[in-house]
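Visitor: The structure under discussion is supplied below as structure tokens; questions concerning it will follow.
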Amino acid sequence: MKDFKPQHFNWRMDGDVAVITFSRPERKNPITFESYAELRDTFRGLTDAGDVKAVVFGSNAGNFCSGGDVHDIIGPLLERDMKGLLAFTRMTGDLVKAMRACPQPVVAAIDGVCVGAGAMIALFCDVRLGTPQAKTAFLFTRVGLAGCDMGACAMLPRVIGQGRAAELLFTGRTMSAEEGERWGFFNRLVAPDALEAEAVAFAKSLAAGPTFAHMMTKTMLGQEWSMSIEQAIEAEAQAQAICMQTGDFRRAYEAFVAKQKPRFAGN
């Protein structure tokens, strides 16, 4: 996907790391019907994109994303019937499902405003870096909607805990960067001028690792939510046995014996 040129968001390749940002920074990078659909299709396409080893979902001009555009999305939704509304809400869910299903680790680099659907996209990334200026809000109740949007009631409690998630989803209030780091939403906070570089460097370190094994880790992190401990242990035994058949497992052993750093190939 090195020559990929999307129409409704920004895309660039930094080595084998894809860097995605929302466009229209003058409006704090809102989401439109078109960007939802194109992002969904892009993450679905990443399943077969062997030249992309990791993804960074970054900020643009000091903000991550202001959520669904008031004029381009919220207004037109008032004119839709139930069937049309359900088609839209299912499309938004399909985006975050595609993010979970793609084999690449997805790293969010969050600065400034990160609200509504933008906060949900950040939530469904695998790792989140933020800045002290990051302001995250799941503000659905503030527009008269339930907090159960795009999987929020499933994912947010798993990341920050049930009580904290309930507070944010009931009130729609802003979670500060300090709260987000303390609660586990952010893996760490970095200076704004270092945010993207650090996120890309972290993504590159993952891309240089055993990417087949990373895919298996991401898969099991998702699948084991619905398993008992006994089922999870057995599933991991099978997953690890599969990984032991890869060339990367042998490369790591041979490098250790030779007292060298392994060079993984992702197979």
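For the sequence shown, the numbering used here gives the first residue as 1348, with consecutive numbering after it. A virtual CB, placed ideally from N, CA and C, is assigned to each residue, including glycine.
Would DSSP call Val1454 helix, strand or coil?
Guide: strand
Visitor: Under 8 Å, do Arg1489 and Gly1519 count as touching if we go by C-beta distance?
Guide: yes
Visitor: Confirm, please, whether the CB-CB distance from Ser1406 to Gly1459 is below 8 Å.
Guide: yes
Visitor: Which ranges does the alpha helix (DSSP H) cover as unbroken runs of at least 4 residues, wholly within the region 1432 to 1507, from first to last along the chain?
Guide: 1464 to 1470 and 1499 to 1507
Visitor: What is the DSSP secondary structure of Ser1616, reduced to helix, strand or coil?
Guide: As displayed, the chain neither begins before 1348 nor continues past 1614, which places residue 1616 out of reach and without an answer.
Visitor: With DSSP run on the structure shown, which of helix, strand or coil describes Ala1364?
Guide: Reading off the sequence, residue 1364 comes out as Val, not Ala. Three-state result, Val1364: strand.
Visitor: Among all the DSSP beta bridges, which residues are the ones paired with Ile1378?
Guide: Gly1415
Visitor: Just reading off the alpha helix (DSSP H) that Ser1370 is part of, what are its end residues?
Guide: First-last for Ser1370: undefined, no H or E at that position.
Visitor: Put Thr1521 into one of helix, strand or coil per three-state DSSP.
Guide: In the structure shown, Thr1521 sits in a strand (DSSP, three-state: E or B).
Visitor: From the DSSP output, in three-state form, read off Val1616 for me.
Guide: As displayed, the chain neither begins before 1348 nor continues past 1614, which places residue 1616 out of reach and without an answer.
Visitor: Would you check if the region 1551 to 1571 and the region 1581 to 1599 touch, i.e. whether three or more CB-CB distances between them fall below 8 Å?
Guide: yes
Visitor: Does the contact criterion of 3 or more C-beta pairs under 8 Å hold for the region 1507 to 1519 versus the region 1559 to 1579?
Guide: no
Visitor: In the DSSP assignment, the alpha helix (DSSP H) including Phe1549 goes from what residue to what residue?
Guide: Leu1542 to Ala1554 is the extent of the alpha helix (DSSP H) around Phe1549.
Visitor: Run the CB neighbour count on Gly1531, radius 10 Å, all protein chains shown included, and call it buried at 16 or more, exposed below.
Guide: exposed
Visitor: Is the beta carbon of Gly1494 sitting closer than 8 Å to the one on Cys1412?
Guide: It is not a contact, given that the beta carbons lie outside the stated cut-off.
Visitor: Which residue comes first and which comes last in the alpha helix (DSSP H) that contains Arg1598?
Guide: Gly1594 to Val1604
Visitor: Closest to Arg1535 by CA distance: which of Ala1401, Ala1456, Ser1573 and Trp1572 is it?
Guide: Ala1456
Visitor: Do three or more CB pairs link the region 1413 to 1432 to the region 1496 to 1504 at distances below 8 Å?
Guide: no
Visitor: State the DSSP-derived secondary structure class of Arg1535, mapped to helix, strand or coil.
Guide: strand
Visitor: Rounded to the nearest angstrom, how far is the Cβ of Val1454 from that of Val1402, given a contact under 8 Å?
Guide: 7 Å
Visitor: If you measure from the CB of His1561, is any heavy atom of the ligand GTP nearer than 7 Å?
Guide: The ligand GTP is not among the ligands present in this structure, which contains no ligands whatsoever.
Visitor: Look up Arg1427 in the DSSP assignment and say whether it is helix, strand or coil.
Guide: The answer is coil: DSSP assigns Arg1427 none of H, G, I, E or B.
Visitor: Note down, in chain order, each residue of its chain lying with its Cβ closer than 6 Å to the Cβ of His1355, except the 5 sequence neighbours on either side.
Guide: Glu1381, Ser1382 and Glu1385
Visitor: CA-CA distance, Phe1611 and Ala1599?
Guide: 8 Å
Visitor: Is Arg1610 helix, strand or coil by DSSP?
Guide: If DSSP states are grouped into helix, strand and coil, Arg1610 belongs with coil.
Visitor: Is Pro1479 near Ala1524, with beta carbons less than 8 Å apart?
Guide: Cβ atoms of Pro1479 and Ala1524: closer than 8 Å.
Visitor: Thinking C-beta only, is Lys1482 closer than 8 Å to Leu1451?
Guide: Going by the sequence as given, residue 1451 is Gln instead of Leu. No, they are not a contact pair.
Visitor: Pull up the distance between the alpha-carbon of Ile1378 and that of Asp1398, whole angstroms please.
Guide: 27 Å
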